[in-house]
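As you go down the protein sequences, you meet chains L and V in turn. Here the first sequence stands for residues 81 to 482, numbered as in our numbering. Here the second sequence stands for residues -14 to 288, numbered as in our numbering.
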Amino acid sequence: MIPASKAMLTKVVVGAVWLFAVVWPMTGITPQGFEFGKAFSIVGFAMTAVLAGLGLWKLRQKLGAAGFKPFTALAKRSSAMPAWLWRGLLLAVLLGFPFVSSRYGQDVAINVLVYVTLGLGLNVVVGLAGLLDLGYIAFYGVGAYTYALLSIHYQLSFWLALPLCAVMAAAAGVVIGYPTLRMRGDYLAIVTLGFGEILRIILNNWMQLTGGPNGLLGIKPAAVYLPDPQNGWEFARVLLKSPEAQYFLVLAIALFTVVSVRRLADSRIGRAWEAIREDETAASIMGVNTFAMKLLAYSLGAVFGGLAGAFFSAKMRFVSPGSFTFIESAMVLAMVVLGGMGSVPGIVLGALALIALPEVFRDFENYRMLVFGAAMALMMLFRPAGLIPAKRVGRRSEEAHS
Amino acid sequence: MDFFLQQLINALTLGGFYALIALGYTMVYGIIQLINFAHGEFFAAGGYMGVILLAWMNSQGYMQTHPWICLTIAFVLAMAYCAILAMGVEKIAYKPLRKASKLSVLLSALGMSIFLQNGLMLTQGVYDKTYPGVFAKGALQVGGFNITYLQIIAMGTTGLLLVGLNRLVYKSRLGKAMRATAQDRVMATLVGVSSDRIISLTFAIGAALAAASGILVGLYYGSVRYDMGFVPGIKAFAAAVLGGIGSITGAMLGGLIIGMTEIFSAAYISGEYKDVFAFIILIAVLYFMPTGLLGENINDTRV
Chain L
81 MIPASKAMLT KVVVGAVWLF AVVWPMTGIT PQGFEFGKAF SIVGFAMTAV
131 LAGLGLWKLR QKLGAAGFKP FTALAKRSSA MPAWLWRGLL LAVLLGFPFV
181 SSRYGQDVAI NVLVYVTLGL GLNVVVGLAG LLDLGYIAFY GVGAYTYALL
231 SIHYQLSFWL ALPLCAVMAA AAGVVIGYPT LRMRGDYLAI VTLGFGEILR
281 IILNNWMQLT GGPNGLLGIK PAAVYLPDPQ NGWEFARVLL KSPEAQYFLV
331 LAIALFTVVS VRRLADSRIG RAWEAIREDE TAASIMGVNT FAMKLLAYSL
381 GAVFGGLAGA FFSAKMRFVS PGSFTFIESA MVLAMVVLGG MGSVPGIVLG
431 ALALIALPEV FRDFENYRML VFGAAMALMM LFRPAGLIPA KRVGRRSEEA
481 HS
Chain V
-14 MDFFLQQLIN ALTLGGFYAL IALGYTMVYG IIQLINFAHG EFFAAGGYMG
36 VILLAWMNSQ GYMQTHPWIC LTIAFVLAMA YCAILAMGVE KIAYKPLRKA
86 SKLSVLLSAL GMSIFLQNGL MLTQGVYDKT YPGVFAKGAL QVGGFNITYL
136 QIIAMGTTGL LLVGLNRLVY KSRLGKAMRA TAQDRVMATL VGVSSDRIIS
186 LTFAIGAALA AASGILVGLY YGSVRYDMGF VPGIKAFAAA VLGGIGSITG
236 AMLGGLIIGM TEIFSAAYIS GEYKDVFAFI ILIAVLYFMP TGLLGENIND
286 TRV
């Protein structure tokens, strides 16, 4: 046996022993006595998975980059076609989707699009401006509750409430952004997390306004006026209740977000954000108003969260604090980072991967978050830049110093 | 006045729990500048390990005959368990990322936290697990207020562990090596300190302290839950930041302050919003004193 494989074998054995030492006390000690079967099966399963993964990894190393060739060839060919053709094709697929899919498929698609909006909004803060925000879901909550309250108490229509939700979320962004502007990195992360929790606790306890943990009921769905062919093409008010209608609504919001974020990234503001992300000191010396730009990043990022939130409450017709927990923030952040920070297609792919893929494995419902956590850690080990890395990313200032 | 003293005792107990968790954060942050998000999960795992061991010993009848020995054994085993768990987690999720960007490590830690929490949920179930109530709920009457026996156990154990840790860090060779690694990892390696081993041990010690806190909390409140690690974890991190991250005394002080804030705001202002006050204190301190009360105790190559 060659030494290298021997070292590998020792590692695997040590790993198996460690896993057993960790798993057995949790599964095997019961008041009735000791039990070993469960721990053995878990360790056996994990070891098979690890060995299979190792095998694939070795295989990939042996084949080199050859395994990825079809992918790059496809990318090359796709860039040869004109962009408008691609966009048109994509739009046609997106518009046609609800007519070919089942109700379940539409539900999943709606979910994906909501998260695409959230991911892109967070991308403005984390991906472009480089401000690590762990409380992003707060803006989603602000948007959702704003529409819920406006709809219940003032019967305001969705379309009038939508800009108000965006404004409220932006205001929340400024409120959270202002005191945190002096902080960087880890401190910023923890303080934004604190803000997210504060909002959730307030939503949970302000009984008169938010209904506390019971949430708010009786929110009106969005409505549009459409010509009715049965009634001589007269305009009739249609409530957007069916999954198809909701799909088109959220598709519009998501497309608006995609276009806005792309435009923002390419604008002067976007460049300023990227400058701040790469090196804040240098950016401020070169005349970027870092204070205003960071606040702007917070509030503009929050706007998209607010839009997604308004849609969420119009769709569910019910909001409760349970939907705005830290784990949601972590999910959205994971999408942004797994997909590739700062890259729009990356984040769309990230949302697809994190929302749609687990649906495929619905039978393993209980293991879903377990796998999610493990995948997040593994991604960081093997592909820290994300699935589709952004084109314009330099060495982040934090990396250079740590 | 009696009410105040009573609350003070409660606050010291709770603050001690936070201080124990905060130490793990502060030591790890002091050495590798990482917010170990999974740290709260070691606290929960410790609490579960305690209930598993005590329940087993209870069913075997040892608890009735030798309660103190059983409790000690539960503490030692649970702390050892979490230390082993933490060393493995460090090796799998953090060690390969030593040179990666901070965000990558933070996300890896977040992933680990979700993984461990769901691991606990899958093996232990979603419902609360109750501690065997062998330790009498009696109380000691001192003047006009009560100290329950559980509070005495909690404060005694916390004090013992804090003194032990202080001795370990400031009096032993290992402590010296830890402080050297925290100050300058490269330099420490050059003079013969194995920094990988030290980092691994730091994780182990931090997790062991968190595990002890987990059992104490389980005994004190009577039950544990799979997701009990998150909120105390965040508050303990707030405590560490409050005291000046990287500083051990700071973490203890921060823990006590967070505990007091929580108890006194619950007693005098509002019970529902007690968590909000802890976060507000954190934000206010970071806003006015970005390096915490005692100053950040890490080398400045980071900034």
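In this text, a Cβ means the ideal position worked out from N, Cα and C, and glycines have one as well.
Is it buried or exposed, residue i, if we count other Cβ atoms within 10 angstroms and call 16 or more buried?
i        : result
L/Leu273 : buried
L/Met248 : buried
L/Tyr195 : buried
L/Arg342 : exposed
V/Leu8   : buried
V/Thr11  : buried
V/Thr187 : buried
V/Tyr112 : exposed
L/Asp308 : exposed
L/Phe392 : buried
L/Lys91  : exposed
L/Val97  : exposed
V/Glu75  : buried
L/Val339 : exposed
V/Ile37  : buried
V/Ile254 : exposed
L/Phe452 : buried
V/Ser157 : exposed
V/Gly110 : exposed
L/Asn203 : buried
Can you check whether the C-beta of residue i is within less than 8 Å of a C-beta belonging to chain V?
i        : result
L/Glu478 : Confidence is the limiting factor: at L/Glu478 the pLDDT is only 47, short of 50, which leaves the residue's position unreliable, though a coordinate-based value still follows. By this cut-off, L/Glu478 is an interface position.
L/Ile107 : Sequence inspection shows Thr at residue 107 of chain L; the Ile mentioned does not correspond to that position. Yes - at least one Cβ of chain V is within 8 Å of the one on L/Thr107.
L/Asn285 : yes
L/Ala101 : yes
L/Asn446 : yes
L/Ile427 : no
L/Ala410 : yes
L/Phe120 : no
L/Val222 : no
L/Phe125 : no
L/Glu115 : no
L/Arg262 : yes
L/Tyr184 : no
Taking 8 Å as the CB-CB cut-off, is residue i touching chain L?
i        : result
V/Asp285 : Residue placement at V/Asp285 cannot be trusted, given a pLDDT of 41 that sits under 50; what the coordinates show is reported in the next sentence. So, not an interface residue.
V/Glu257 : yes
V/Asp169 : no
V/Phe264 : yes
V/Val13  : no
V/Met34  : yes
V/Gly96  : yes
V/Gly240 : no
V/Phe222 : yes
V/Ala78  : yes
V/Pro52  : no
Going by DSSP, what residues sit across from residue i in a beta bridge?
i        : result
L/Leu296 : L/Val399
L/Ile365 : None, per the DSSP bridge assignment.
L/Leu169 : L/Leu169 is not bridged to any residue.
V/Ile132 : V/Leu125
V/Ser208 : V/Thr115
V/Met50  : In the sequence as displayed, the identity of residue 50 of chain V is Thr instead of Met. Answer is none; V/Thr50 lacks a bridge partner.
V/Gly218 : For V/Gly218, which the question treats as bridged, DSSP gives no partner whatsoever.
L/Gly307 : The sequence as given places Pro at residue 307 of chain L; Gly does not occur at that position. L/Phe315, per the DSSP bridge assignment.
L/Thr110 : L/Gly113
Would you mind giving the Cβ-Cβ distance between residue i and residue j, rounded to the nearest angstrom? I have them listed as a contact below 8 Å.
i        : j        : result
V/Gly218 : V/Gly25  : 2 Å
V/Ser198 : V/Phe22  : About 17 Å separates the two Cβ atoms, so there is no contact after all.
V/Val154 : V/Arg164 : 7 Å
L/Ser181 : L/Ala172 : Not a contact, Cβ separation roughly 15 Å.
L/Ala209 : L/Trp353 : 4 Å
V/Leu241 : V/Leu278 : Their Cβ separation, rounded to whole angstroms, is 11 Å, which puts V/Leu241 and V/Leu278 out of contact at 8 Å.
V/Ile183 : V/Ala162 : 5 Å
L/Pro464 : L/Ser423 : Wrong, their Cβ atoms sit about 14 Å apart, outside the cutoff.
V/Met34  : V/Tyr14  : No, V/Met34 and V/Tyr14 are not in contact; Cβ-Cβ is about 25 Å, not under 8 Å.
L/Ala363 : L/Ile356 : 5 Å
Three-pair Cβ contact test at 8 Å for the region 222 to 230 of chain V versus the region 49 to 61 of chain V: no
Quick one: any contact between the region 81 to 101 of chain V and the region 40 to 59 of chain V, if contact means 3 or more CB pairs under 8 Å? no
Could you say if the region 236 to 246 of chain L and the region 377 to 387 of chain L meet the contact criterion of at least three C-beta pairs nearer than 8 Å? yes
Please confirm if the region 301 to 316 of chain L is in contact with the region 432 to 449 of chain L, defined as three or more CB-CB distances below 8 Å between the two stretches. no
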